[in-house]
Every structure is written in structure tokens, then in C-alpha cells.
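Chemist: Add 1 to a position in the sequence shown, counting from 1, and you land on the number used in the working numbering.
No residue lacks a Cβ here, since even glycine has one placed at the ideal position from N, Cα and C.
Only a predicted model underlies this, so the values are computations on that prediction, with no experimental measurement involved.
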Amino acid sequence: IMIFSKINVISPLFLGLFLVLSAAGPSQAAEKKAKAFNVPPVDALVDYFEEIVFGSDVDPKYKLKVITKWTEKLKISVRGKPSKAVIAALQKHIQAVLPLAGIGAKTVKKDANLQITFIPKGGKINLGKKSITVTGPGCSFFSQSKEGKIYLTQIIVNNIGGDDQISHCLLEEFTQSLGLPNDSDNLRPSVFSEKDKLQTLTLPDKILLSTLYHPRMMPGMKRKQALLVARDIIGDYRKGMVLMVQSIKGR
């Protein structure tokens, strides 16, 4: 299934915010307006980054110990029989998410490094020596990495339920497969919360993804150092966001 031909590498969206930073920083009035626009404080964003990047709601043994991310162009293939609406949603999600990470992508028929498989009700998901029969809606992903560099990912989509439900599932799993694997309800709304069924990333989601793919956030970086770097990056991103909110009139 051809969902797009090519997405060129684009610098992370939030890097442009450095152009609007001022030495004085945002005013107290801007901070109040930022709160109304759901721009969380730096401490909350850093804690959320730590939880989403280094946590695991499945099993503690799956917690990442180092920064893990893609460093190469995605070669995406789609298998199964998703609806036209779901394919359109998938294309929209990919084209919205990848520029935040500065990753290029293209659709391929073979030699994919990111495969998305739609499995119908009653179909089988093979997990090594075990297999699971698909009985209800849901998505999951499995990635392989070396020295903090992801090189292979499979996203499994239970092709059951309405198009909107499957679309949300795709957005969540695709975003998580970029190196943000955990779920959390601590900073809502968020694509990483099981309680929210979103069709777009929220501002905190975008900040987390852009922070992970900032050039200073190197693959293989250990947790302690990564959190120090994340605090600097998030602080700059957030300052830019607050200044942008400050410029919004009549809200």
C-alpha cells in the first residue's frame, strides 16, 4: 500500500523557537496566559520526559537505560487491509509527527525498517513461539535497537473498531515507536495517556518528541546525563512557547 512516496528530512519544528527568545524572558502575565494554554512548567515536562522515555508500564525489565531513537530514514511498509480513511489518517499522522523529529521517510515494498501490519478479527499475532488471536481493538509495537539506535520496528494494529479508534491507536503507537515507549496519565491530555483518544499530538507531546530528537540528545546517552540535557532543551523550548503565547491577542 503506497501511503506517500517520500518525506524529506526537516529540522525539528521547535528549533525555530530559538529565533524568538529574548534575554529578559517571558513576563508574569505571559506565564499566566501560558498556563491557560496548557504550557506546563519545566519541572513537569522534564518529569514527563523521564517517565515516557525511561519508564515501562509493561514490565520493569523493559525500561530503557539509555536514550534510544532513530538515526536513519524510515522505510515504511504497510500490510493488511486497512480502510481508505485509516490510510489517510496514517499518512496525516506520519507527515505531522516526523518533522518534529527531523526524520525523513519513504514507502517501500521490501526491506522496510518500520512495518505496520493490520490484522483482522480472528487473525494471529506471532510473538516468537507464542501466538495471540485478535479478538478486539488494540495496537502494539516491537522495536530492536543497538547502542541507542533503533534499526527495526513492527507496529501491529488490530483492524477492529471504528476508523477514529484505529487512527488514534496508530498515532499513539507510531509516536511511541520513535523512542517514547511508555504510557502515563500524569500530564493530560496526551497521546501517551490511555484515557485520552487523540487525533493529534498535544503541545507537551510535541515538546517531548522534539527534545528527544534535539542534536544534543545523543543515542546511547545515559539517564542522568540525558535528564540534565533535557532540562536545558525543554527550558528553551518552553520559553519560546510562552513568548509565542504572549504575542497572541484577544484570548
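1) Hey, Ile53 and Lys74 are a contact pair by Cβ (cut 8 Å); roughly how many whole angstroms apart?
2) Helix, strand or coil for Val79? Go by DSSP, reduced to three states.
3) Please work out which residues of its chain come closer than 6 Å, Cβ to Cβ, to Gln116, disregarding the five sequence neighbours upstream and downstream, and give them in chain order.
4) I'd like the list of long-range same chain contacts for His94, defined as Cβ closer than 7 Å, with 5 residues on each side in sequence excluded.
5) In terms of residue numbering, what span does the beta strand (DSSP E) encompassing Thr72 cover?
6) Is it buried or exposed for Tyr214, if we count other Cβ within 10 angstroms and need 16 for buried?
7) Assuming Leu101 contacts Arg239 (C-beta within less than 8 Å), just tell me the rounded distance between them.
8) Threshold first: 4 residues or longer. Then list the alpha helix (DSSP H) segments lying entirely within the segment 140-210, N to C.
9) Using the Cα positions of Gly241 and Glu51, report the straight-line distance between them to the nearest angstrom.
10) Of the choices Lys225, Pro83, Pro138, Phe142, whose alpha-carbon is the least far from that of Asn183?
11) Apart from the five residues just before and just after Glu195, which ones in its own chain have a Cβ nearer than 6 Å to its Cβ?
12) Taking only the alpha-carbon atoms, compute the straight-line gap between Asp164 and Leu202 and give it to the nearest angstrom.
13) Could you spell out the range, first to last residue, of the beta strand (DSSP E) harbouring Ile117?
Modeler: So, from the data block:
1) For a cut-off of 8 Å, the C-beta gap from Ile53 to Lys74 is around 24 Å, too long to register as a contact.
2) Three-state result, Val79: strand.
3) Spatial neighbours of Gln116 in its own chain (CB-CB distance under 6 Å, excluding positions within 5 residues in sequence) are listed in chain order as Ser78, Gln155.
4) Once the five neighbours on either side are set aside, the close Cβ partners of His94 are Leu171, Leu172, Phe175.
5) Where Thr72 is concerned, there is no enclosing beta strand (DSSP E), given that its DSSP letter is neither H nor E.
6) A residue is called buried once 16 or more other Cβ atoms fall within 10 Å of its Cβ, and Tyr214 is buried on that count.
7) That pair is no contact at about 15 Å.
8) For the segment 140-210, whole alpha helix (DSSP H) runs of length 4 or above, ordered along the chain, are 164-177.
9) A straight line joining the alpha-carbon of Gly241 with that of Glu51 spans about 21 Å.
10) Measuring from the Cα of Asn183, the nearest candidate turns out to be Phe142.
11) If we look at Glu195 and ignore the five residues flanking it on each side, its Cβ neighbours are Asp184.
12) Rounded to the nearest whole angstrom, the CA to CA distance from Asp164 to Leu202 is 18 Å.
13) Unbroken beta strand (DSSP E) run through Ile117: 115-120.
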